[in-house]
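Quick note: the sequence shown uses my numbering, first residue 71, plus one each step. The block underneath contains the structure these notes are about, expressed in structure tokens.
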Amino acid sequence: MKKIVLDTYQDVCCAAADIYAAQLKTKPNSVLGLATGSTPIGLYEELARRYEAKEIDFSKARSFNLDEYYPIEKSHQQSYDYFMHDNFFSKVNLSKHDIPNGEAKDAIAECKRYDEEIAAAGGIDLMLLGIGHNGHIGFNEPSVSYSMGTYLTELTESSITANARFFGKNEVQPTRALTMGIGEIFRSRQIVLIISGEGKAPIAKKLLEGVIHTDVPACFLLLHPNTTVFLDKAAASLC
Ligand code: PGA
């Protein structure tokens, strides 16, 4: 795992955008893995800016998102489907995008469909990840066993609490999600992990001490041959 520490969150987003730009230049029809949460927002803004400036072109690419709450309506403002349209898809020319369907009647069938679509697309070339305070990637929560493919998972208290800030007082917050499994993420040919802010410093430290903690899902990335982790100074402050 390659570690790069930069001064600010903005620097991190620009450096990650450079990797996206290079990937699309080398392979315009790349398969991109995308993530939600507050961490990637600056990257999406930077990519949209570069698209406006005609520096990057997504027209031949396609994307698969990491996860989605379950169940949730796509029109719900906290669905990841809504998030992606709002923050990214409406701003660039990436027309082929897929997200686990939080409206699916049959969650198991939806997971199977998702894995089959990723396989048919040839697998993911470049995967974007954030990390949870508990070390989750996607919604792969700390556990004693990990799934390979996409699956329906129960969220931990830590993740529910971390995301409660996005939900209104009277809104029902989903406690389950459809997420790519650790195996699916690991099969990506290249991975970019972004860690930002002081709050993530403890989990960044744990990840980067180079020990595989089996209760920290992100630690599997230590074994991946082509992963770069970008941290701002605040996130790297305990490393
Ligand atoms: P955050 O979430 O960017 O909102 O902190 C990251 C994650 O949980 O993967």
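Cβ coordinates follow ideal geometry from the N, Cα and C atoms, glycine included.
By the Cβ rule, the segment 177–195 does not count as touching the segment 118–128, because fewer than three pairs are nearer than 8 angstroms.
Take the alpha-carbon of Asp88 and the one of Gln243: they are about 35 angstroms apart. Sequence-distant partners of Phe237 (beyond 5 residues in either direction) whose C-beta falls short of 7 angstroms from its own C-beta, in its chain, are Gln148, Gln243. Where Asn135 is concerned, the enclosing beta strand (DSSP E) starts and stops at 132–135.
When Gly193, Val101, Asp77, Ala247 are compared, the shortest CA-CA separation from Gly267 is found for Asp77.
Within 10 angstroms of the beta-carbon of His203 lie fewer than 16 other beta-carbons, which makes it exposed.
A contact between stretches requires three or more CB pairs, one per stretch, nearer than 8 angstroms, and the segment 268–275 fails this requirement with the segment 157–171. The Cβ atoms of Phe209 and Thr245 lie no closer than 8 angstroms to each other. Shortest Cα-Cα distance from Gly112 to any of Ala86, Glu143, Ala234, Gly172 involves Ala86. Across the structure, Leu117 and Phe128 are spaced so that their CA atoms are roughly 10 angstroms apart. Relative to ligand 1, Thr109 has its C-beta within less than 7 angstroms of a heavy atom. Look at Glu227 here: in three-state DSSP terms it is helix.
For ligand 1, no non-hydrogen atom lies closer than 7 angstroms to the CB of Ile169.
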